[in-house]
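Enquirer:
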Amino acid sequence: MIECQADGAALQRKRLRRQKRWLKRLAISSVLLGLGMGGWAFGDANAPQGLKGILPAEVPATLTANAFEPLGETWKEWSATAAEAIAAFYKADGDVAAQKAALDKVKIKLGVLNTAIGDSQYSMILEELLAIRGPLARRVAVADAALTTLETDSAAARAAAVKASGDGVSAAFGALKTDLEGVPGGAAWLPYIYADELATAWSTSWDNDATIAALKATHGRLMTRDTLTDAEQKSFLSRPAFVSLSSAIEAYLTTLEMAKKPVDMAQTRAALTELVEALEAYEAYNSSLDSGKARAAMKKLSEVAPDSGAAIMQALNEHYFNLNLRLVASETFLNRLLGDCRVEQGQVCDFILGAQ
Numbered sequence: 269m270i271e272c273q274a275d276g277a278a279l280q281r282k283r284l285r286r287q288k289r290w291l292k293r294l295a296i297s298s299v300l301l302g303l304g305m306g307g308w309a310f311g312d313a314n315a316p317q318g319l320k321g322i323l324p325a326e327v328p329a330t331l332t333a334n335a336f337e338p339l340g341e342t343w344k345e346w347s348a349t350a351a352e353a354i355a356a357f358y359k360a361d362g363d364v365a366a367q368k369a370a371l372d373k374v375k376i377k378l379g380v381l382n383t384a385i386g387d388s389q390y391s392m393i394l395e396e397l398l399a400i401r402g403p404l405a406r407r408v409a410v411a412d413a414a415l416t417t418l419e420t421d422s423a424a425a426r427a428a429a430v431k432a433s434g435d436g437v438s439a440a441f442g443a444l445k446t447d448l449e450g451v452p453g454g455a456a457w458l459p460y461i462y463a464d465e466l467a468t469a470w471s472t473s474w475d476n477d478a479t480i481a482a483l484k485a486t487h488g489r490l491m492t493r494d495t496l497t498d499a500e501q502k503s504f505l506s507r508p509a510f511v512s513l514s515s516a517i518e519a520y521l522t523t524l525e526m527a528k529k530p531v532d533m534a535q536t537r538a539a540l541t542e543l544v545e546a547l548e549a550y551e552a553y554n555s556s557l558d559s560g561k562a563r564a565a566m567k568k569l570s571e572v573a574p575d576s577g578a579a580i581m582q583a584l585n586e587h588y589f590n591l592n593l594r595l596v597a598s599e600t601f602l603n604r605l606l607g608d609c610r611v612e613q614g615q616v617c618d619f620i621l622g623a624q
């Protein structure tokens, strides 16, 4: 009996020790979990907002007070306040609303430059004004577009992109039919590209499986022009109307595929950061290497951004990717320079009133 009680007491002590160990482990796990959740919550609350972490840590050299010195004493006050506003903006403190407010102050300073550039009163320092306005305008445009990108409603933006791309297919398809109606025997090519099947599927839905299959079938037939051996057939299928429809379908399928991918704002921020770094390097060194990096970063951004990079691309097209040379010529001049007059003759083979 005593041995049984001793064994029972020993067993009870073992159980108590086990419970204590489990309670200790549970307490430690709870603490770790609490720290983890606290750290997660803290990190989420302090996650970068807006342009924080995307803009360079320091103000670019061309936008500092020293860069404004060539404007002289008359512009001393503007230079000081502009440098202050730009420095405040590059800190990217606060939330998105605060960053927009800071950017608006910089835009006001840019507006003063634009006004002065158009005023003959400042013609003596026009080169200096332009030298300052260029770098500032480019940074403002990119920053503004970046904020727009980060705030874009991805669902609405992608739906709008799909609709615009789909409208392009409708327009190209209608233009092709109109073009072929004006060519003898042109309508005979419509069955070749599965025009009826595409029209039927397209009228039902723009994005169901049947429509996508019809689009791919038509696009496949249009692309056979490169493999045709008959020169006349190859030439006819290379008419602009056919090429436009092929391009429109390809663009639509690409847009539709991208719209199905989930938006990852972390990837968007990373791509924006990479793009801004490449642009800043290009501003500093003007090298083709940095130019290539900027284009590569823009391509990456177009694949992950909620608006497919539309806002940023508009800014880059205006300030970085624009043409270096533009020629304006009158129609009369072009007719004299490039005009072509030909007279062709030969037998006519046609049916008129049932007779050949």
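For the sequence shown, the numbering used here begins at 269 and goes up steadily by one. Note that the Cβ used here is the ideal one computed from N, Cα and C, for glycine as well.
(1) Can you tell me the Cα-Cα spacing of G454 and S433, whole angstroms?
(2) By DSSP, does T383 sit in helix, in strand, or in coil?
(3) Suppose you measure from the CA of I517 to the CA of L602; what does that come to, to the nearest Å?
(4) Using only CA atoms, which one of T468, L339, A356 lies nearest to P328?
(5) On the CB-based measure, 16 or more other CB atoms within 10 Å of its CB, does S322 come out buried or exposed?
(6) In the DSSP assignment, find the alpha helix (DSSP H) that holds E396 and state where it starts and stops.
(7) Measure how close the beta-carbons of I519 and G436 come, nearest whole angstrom, since I'm counting them as under 8 angstroms.
(8) Please report the distance separating the alpha-carbon of S512 from that of L448.
(9) If you pair each beta-carbon of the stretch 396-415 with each one of the stretch 563-571, do three or more pairs fall below 8 angstroms?
(10) With distances taken from CA atoms, which of K529, A562, L557, M533 is nearest E542?
(11) Between the stretch 479-499 and the stretch 548-560, are three or more C-beta pairs nearer than 8 angstroms?
(12) Quick one: any contact between the stretch 532-539 and the stretch 453-473, if contact means 3 or more CB pairs under 8 angstroms?
(13) Suppose contacts are defined by Cβ-Cβ distances below 7 angstroms. Is K377 in contact with A350 by that definition?
(14) Considering just the uninterrupted stretch of the alpha helix (DSSP H) at V511, what are its terminal residues?
(15) Along the chain, where does the alpha helix (DSSP H) containing W346 start, and where does it finish?
(16) Shortest alpha-carbon distance to A482 belongs to which of E465, E341, L496?
(17) Measuring straight from C-alpha to C-alpha, what distance separates A440 and S506?
(18) Contact defined as beta carbons within less than 8 angstroms: I believe L415 pairs with Q367. What is the distance between those atoms, to the nearest angstrom?
(19) In the structure shown, what three-state DSSP assignment does L505 receive?
(20) So, A443 versus A509, is the Cβ gap smaller than 7 angstroms?
(21) Are there 16 or more other CB atoms within 10 angstroms of the CB of R604, so buried, or fewer, so exposed?
(22) Determine the burial state of N382: buried for a count of at least 16 other Cβ atoms within 10 Å of its Cβ, exposed for fewer.
(23) Compute the Euclidean distance between the alpha carbons of D599 and V410, then round it to the nearest angstrom.
Expert: Put simply:
(1) Their backbone Cα atoms lie some 26 angstroms apart in a straight line.
(2) Helix, per DSSP.
(3) Distance between the alpha carbons of I517 and L602 is about 34 angstroms.
(4) Out of T468, L339, A356, A356 has the C-alpha closest to the C-alpha of P328.
(5) Correcting the residue type first, residue 322 is Ile in the shown sequence and not Ser. The residue in question, I322, is buried, as its Cβ has 16 or more Cβ neighbours within 10 Å.
(6) From DSSP, the alpha helix (DSSP H) with E396 extends over 394-419.
(7) Per the sequence shown, the amino acid found at residue 519 is Ala instead of Ile. Sure, about 6 angstroms apart at Cβ, within 8 angstroms.
(8) Roughly 14 angstroms between the two C-alpha positions.
(9) Taking 8 angstroms as the limit for Cβ pairs, the verdict is that the stretch 563-571 does not touch the stretch 396-415.
(10) Nearest C-alpha to E542 among K529, A562, L557, M533: A562.
(11) No, the stretch 479-499 is not in contact with the stretch 548-560.
(12) The stretch 532-539 is not in contact with the stretch 453-473.
(13) Taking the C-beta atoms as reference points, A350 is found nearer than 7 angstroms to K377.
(14) Secondary structure note for V511: its alpha helix (DSSP H) is the uninterrupted segment 508-527.
(15) It spans 344-359 - the alpha helix (DSSP H) in which W346 sits, taken as one unbroken run.
(16) Cα-wise, what sits closest to A482 is E465.
(17) Near 14 angstroms, if we compare the C-alpha coordinates of S506 and A440.
(18) Confirmed, Cβ separation roughly 7 angstroms.
(19) DSSP places L505 outside both helix and strand once states are collapsed to three, so it counts as coil.
(20) Yes, the Cβ-Cβ distance between A443 and A509 is below 7 angstroms.
(21) Of the residues assessed, R604 falls on the exposed side of the cut-off, its CB having fewer than 16 other CB atoms within 10 angstroms.
(22) It is exposed - the Cβ of N382 has fewer than 16 other Cβ atoms within 10 Å.
(23) Note on residue identity: the sequence assigns Glu, not Asp, to residue 599. Rounded to the nearest angstrom, the two C-alpha atoms are 37 angstroms apart.
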